[in-house]
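A.B. asks:
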Amino acid sequence: MQIQLLKSKIHRVKITQAELHYVGSITIDEDLMDAANLIENEKVQIVNINNGERLETYVIKGERGSGKVCLNGPAARKAQVGDVVIIISYASMDFEEAKSYKPVVIFPDDSNKLI
Numbered sequence: 001m002q003i004q005l006l007k008s009k010i011h012r013v014k015i016t017q018a019e020l021h022y023v024g025s026i027t028i029d030e031d032l033m034d035a036a037n038l039i040e041n042e043k044v045q046i047v048n049i050n051n052g053e054r055l056e057t058y059v060i061k062g063e064r065g066s067g068k069v070c071l072n073g074p075a076a077r078k079a080q081v082g083d084v085v086i087i088i089s090y091a092s093m094d095f096e097e098a099k100s101y102k103p104v105v106i107f108p109d110d111s112n113k114l115i
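In this text, residue positions in the sequence shown follow full-length UniProt numbering: the first is 1, and each later residue adds one.
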């Protein structure tokens, strides 16, 4: 049996930009991606703490060290610059493997930088 399990989480980052007229996705500082074990084009769930919105999209690399977290395309309507979000990815794995799996969770500072 395969189950869905938390794989990675970036807990409480601020939206730094919203680009409505873009193809789609979320742009994330590559330092944050690496620390959270996320890769480009990976599916993620975005949970907006400010307004309760939840959405799914995919990741694209942002400039390393920039602190950039930008919602692109229609997702840009789901948050405003300054909103705090949680970025979550999940993985499918065998039930027994899942019992011992440890997800990667990071807690950036108020400037979206690694602590």
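Backbone N, C-alpha and C define an ideal beta-carbon position, used for all residues, glycine too.
Output needed for residue 9: all residues of its chain with C-beta closer than 6 Å, excluding positions within five of it in sequence on either side, in chain order.
C.D. replies: Counting from 1 along the sequence shown, the entry for residue 9 is found at position 9. The residues are 88, 105.
A.B. asks: Answer with buried or exposed for residue 20, where buried requires no fewer than 16 other C-beta atoms within 10 angstroms of its C-beta.
C.D. replies: Residue 20 sits at position 20 when you count from the first residue of the sequence shown. Per the 10 Å Cβ criterion, exposed.
A.B. asks: Just to confirm my understanding: we take residue 91, look at its own chain, exclude 5 residues before and 5 after, and list those with CB closer than 7 Å. What are they?
C.D. replies: The residue given as residue 91 occupies position 91 in the sequence shown. Answer for residue 91: 5, 7, listed in chain order.
A.B. asks: The ligand NAP heavy atoms versus the CB of residue 107: any closer than 7 Å?
C.D. replies: The model depicted lacks the ligand NAP and carries no ligand whatsoever.
A.B. asks: I'd like to know whether the C-beta atoms of residue 42 and residue 78 end up nearer to each other than 8 Å.
C.D. replies: On the sequence shown, residue 42 is found 42 positions in, with the first residue counted as 1. On the sequence shown, residue 78 is found 78 positions in, with the first residue counted as 1. For residue 42 and residue 78, no; Cβs fall outside 8 Å.
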